[in-house]
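Chemist:
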Amino acid sequence: MPRRLATLIASGALALLATLAIASPAAAVTPAQRLSVLSSWTQTSASSYNSWNSARVNRAPWAEYNFNWSTDYCSSSPDNPLGFTFNLGCYRHDFGYRNYKAVGQFSANKSRLDSAFYEDLKRVCTTYNSVVRPACYSLAWTYYQAVSIFGSVAAVQQADIDRAARMKAQAEAKAAATH
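Residue numbers (the numbering used here): 1004 to 1182.
(1) Which two residues bound the contiguous alpha helix (DSSP H) that contains residue 1052?
(2) With a floor of 4 residues, list each alpha helix (DSSP H) that falls wholly inside the segment 1124-1180, ordered by position along the chain.
(3) Would you tell me roughly how many angstroms separate the C-alpha atoms of residue 1100 and residue 1180, rounded to the nearest one?
(4) Is the segment 1087-1096 touching the segment 1067-1078, taking contact as three or more C-beta pairs under 8 Å?
(5) For residue 1111, count neighbouring C-beta atoms within 10 Å of its own C-beta (all shown protein chains included) and say buried if the count is 16 or more, exposed if not.
(6) One question on the structure: do residue 1174 and residue 1134 come within less than 8 Å of each other, judged by their Cβ atoms?
(7) Which residue's Cα is closest to the Cα of residue 1064: 1052, 1045, 1032?
(8) What is the DSSP secondary structure of residue 1103, counted as helix, strand or coil?
(9) Rounded C-beta distance between residue 1085 and residue 1149? I'm assuming under 8 Å.
(10) In the DSSP assignment, find the alpha helix (DSSP H) that holds residue 1035 and state where it starts and stops.
(11) If we ignore side chains and look at the alpha-carbon of each, how far apart do residue 1050 and residue 1165 end up?
(12) Given this structure, state the Cα-to-Cα distance separating residue 1026 from residue 1037, to the nearest angstrom.
(13) Looking at residue 1128 and residue 1140, is the spacing between their C-beta atoms short of 8 Å?
(14) Secondary structure at residue 1114, three-state DSSP: helix, strand or coil?
(15) Less than 8 Å between C-beta atoms, sequence neighbours within five positions excluded: which residues of the same chain meet that for residue 1161?
(16) So what's residue 1096 in DSSP terms, helix, strand or just coil?
(17) By Cβ distance, which residues of its chain are closer than 6 Å to residue 1102, with the 5 residues on each side in sequence left out?
(18) Just confirm the distance between the C-beta atoms of residue 1117 and residue 1151, as a whole number of angstroms; I'd bet it's less than 8 Å.
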């Protein structure tokens, strides 16, 4: 076997073994490992969100980390206000809050968790057509302000949702009139 092929196979085998060692249930998860994963899943980027969501869907490999996956989604505020799907953004926000509180590092991470929440909601808004997108962004900002200032989206008032509903209705009516 040529040396280059042997080296390639050996490095692939080492990478596989390293992956198995990290994900192996037999290996005790250290607090540092738990914090590292928690941090990687609570950043503002779409890739961080996607990694968290993949783990949410397939929790078994992460069982040893003892993460708290419970959620009340957007608390007493609508999970999908005016049809905008904010529920998973609220879920990830709950995940960050609950797990950083559990390790005693909530205060140091709250601002980033709130920013990640806002970025998640804005990414949701980009999936809607440009006519209603401003209303979605308005609600995303309102939800962000509620968690940033009060620590909960429960602080969102019906008047905030009504204002966004008017924006949405006006934009849809204007768009219909021009077509």
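Glycine included, C-beta positions come from ideal geometry on N, C-alpha and C.
Modeler: On the basis of the data shown:
(1) Looking at the DSSP string, the run of the alpha helix (DSSP H) that includes residue 1052 is 1049-1060.
(2) 1136-1153, all fully within the segment 1124-1180.
(3) Residue 1100 and residue 1180: Cα-Cα distance of roughly 45 Å.
(4) Short answer: they touch.
(5) By the neighbour-count criterion, in which a residue is buried when 16 or more other Cβ atoms sit within 10 angstroms of its Cβ, residue 1111 is exposed.
(6) For residue 1174 and residue 1134, yes; Cβs fall inside 8 Å.
(7) Ranking 1052, 1045, 1032 by Cα distance to residue 1064 puts 1032 first.
(8) Helix at residue 1103.
(9) With a Cβ gap of about 16 Å, residue 1085 and residue 1149 do not count as contacting.
(10) Boundaries of the alpha helix (DSSP H) harbouring residue 1035: 1034-1043, taken from the DSSP string.
(11) Distance from the CA of residue 1050 to the CA of residue 1165, rounded to the nearest whole angstrom, comes to 33 Å.
(12) Low local confidence applies: a pLDDT of 47 at residue 1026 is under 50, so the model's placement there is unreliable, and no value is given.
(13) Contact flag set, yes.
(14) If DSSP states are grouped into helix, strand and coil, residue 1114 belongs with the helices.
(15) Result list for residue 1161: empty, nothing under 8 Å.
(16) In the three-state reduction of the DSSP assignment, residue 1096 falls in the helix class, which pools H, G and I.
(17) Exclusion of the five residues before and after residue 1102 leaves 1041, 1070, 1071 as the residues of its chain whose Cβ lies within less than 6 Å of its Cβ.
(18) Residue 1117 to residue 1151, Cβ: 5 Å. Contact.
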